[in-house]
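Chemist: Here the sequence shown stands for residues 9 to 108, numbered as in our numbering. Note that beta-carbon positions come from the ideal geometry of N, C-alpha and C, so glycine has one too. Since the model is a prediction, treat every value here as computed from it, not as a measurement.
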Amino acid sequence: MFAIIQTGGKQYRVQEGDVIRVESLKGEAGDKLDLTPIFVGGDQTVFGDDAGKFTVNAEVVEHGRGEKIYVRKYKSGIQYRRRTGHRQDYTAIKILGIKG
9 MFAIIQTGGK
19 QYRVQEGDVI
29 RVESLKGEAG
39 DKLDLTPIFV
49 GGDQTVFGDD
59 AGKFTVNAEV
69 VEHGRGEKIY
79 VRKYKSGIQY
89 RRRTGHRQDY
99 TAIKILGIKG
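1) Starting from the Cα of Asp39, find the closest Cα among Gly56, Gly105, Ile101, Lys107 and give me that residue.
2) Just to confirm before moving on: does the CB-CB distance between Ile13 and Val27 stay below 8 Å?
3) Please classify Val48 as buried or exposed, where buried requires at least 16 other C-beta atoms within 10 Å of its C-beta.
4) Taking the continuous beta strand (DSSP E) assigned at Leu43, which residues delimit it?
5) I'd like to confirm the pairing. Which residues does DSSP put opposite Arg29 in its beta bridges?
6) Whole-angstrom Cβ separation of Lys76 and Arg95, contact assumed at under 8 Å?
7) If I measure Cβ to Cβ from Val79 and keep anything under 6 Å in the same chain, skipping five residues before and after, which residues do I get?
8) Please state the DSSP three-state secondary structure of Ala59.
9) Alpha carbon to alpha carbon, what distance is there between Thr99 and Val54?
10) What does a CB cutoff of less than 6 Å around Thr63 pick up in its chain, not counting 5 residues either side in sequence?
This is how it looks when you write it as structure tokens:
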């Protein structure tokens, strides 16, 4: 059985035992989370309001920062060049189960 959850403005396909990195969430390592799926598939396919009857149980594994991404800006003819970097914060969560 799998589920599609939405957090941080992105959607993720998860199964029991998966460890995924999502946008930064509140909570310490070891805290439990209950997420509401928008789609559940597998033996039965459920979506819409019926998917709200299911819950995805997860546990916070760690917090961290992703790899550095460099952004370059350039305009020809006027000697304009900029280079900036960015590191996105993330929270790694482990999916414990899908219940409903």
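Modeler: Answer, in terms of the structure:
1) Ile101
2) no
3) buried
4) 40-43
5) Ala100
6) 5 Å
7) Thr92
8) helix
9) 27 Å
10) Asp42, Lys107
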